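Just so we're on the same page, our numbering is the position in the sequence shown counted from 1, plus 38.
For each residue, glycine too, the CB sits at the ideal point set by N, CA and C.
Everything numeric in this text was worked out from a predicted model, so none of it was measured.
Note sheet for the following structure.
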Amino acid sequence: MALPRDLETFSAILRAEGPSAALAYLNEGVPHRFSAVYRFAGPLLRNVLFHDKAGEMRPEFLAAVPFDASFCQFVLRDGVFRTNDSAADTRLKGHPYQGVVVSYHSVPLMSDAGEPWGTLSHFDLASLPLSDDEFELLKSAAKLMPSFLVEH
Numbered sequence: 039m040a041l042p043r044d045l046e047t048f049s050a051i052l053r054a055e056g057p058s059a060a061l062a063y064l065n066e067g068v069p070h071r072f073s074a075v076y077r078f079a080g081p082l083l084r085n086v087l088f089h090d091k092a093g094e095m096r097p098e099f100l101a102a103v104p105f106d107a108s109f110c111q112f113v114l115r116d117g118v119f120r121t122n123d124s125a126a127d128t129r130l131k132g133h134p135y136q137g138v139v140v141s142y143h144s145v146p147l148m149s150d151a152g153e154p155w156g157t158l159s160h161f162d163l164a165s166l167p168l169s170d171d172e173f174e175l176l177k178s179a180a181k182l183m184p185s186f187l188v189e190h
């Protein structure tokens, strides 16, 4: 039986099983292959949590990404960032990952002090939409997750 898709269920999983299980729960409700948490680390973004629907290891190019070459920079700048198809998204014209990471939906993670900490994202190498309900769940989950993340 599928678990309900709501913040209460996410919160219960986060408290009982931890952030990796909570990230997997978020990924179960979306068509995207990948869900991840990235932490701002100076000029880089470092992958802290990674879930692959296919069960494979994280691709090496996603372990650490230069901030200036990331889509996460737009999350920090704009508060959220969503694209179903980066190849066709004119906001990304000339970006090195345009058409590589094709669908990307992300929200910021803030520290307990209210400072930008990182991002929580669903993404794929194929063009995929994310429902508004799932995006709202992602935004709500991002408010709960930071206090459960171990400093890296």
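(message) Please report the distance separating the alpha-carbon of P97 from that of A164.
(response) 16 Å
(message) Using CA atoms only, rank isn't needed, just tell me which of F72, N65, M148 and S141 is closest to A126.
(response) S141
(message) I'd like to know whether the C-beta atoms of K91 and N65 end up nearer to each other than 7 Å.
(response) yes
(request) From the DSSP output, read off the bridge partner residues of D90. (result) F72
(request) Kindly indicate which three-state DSSP category A164 falls into: helix, strand or coil? (result) coil
(message) Less than 7 Å between the beta carbons of F173 and L52, yes or no?
(response) no
(request) Please name the residue in H133, P146 and L83 whose C-alpha comes closest to that of G117. (result) P146
(request) Compare the C-alpha of K181 against each of R120, F161 and S144 and name the closest. (result) S144
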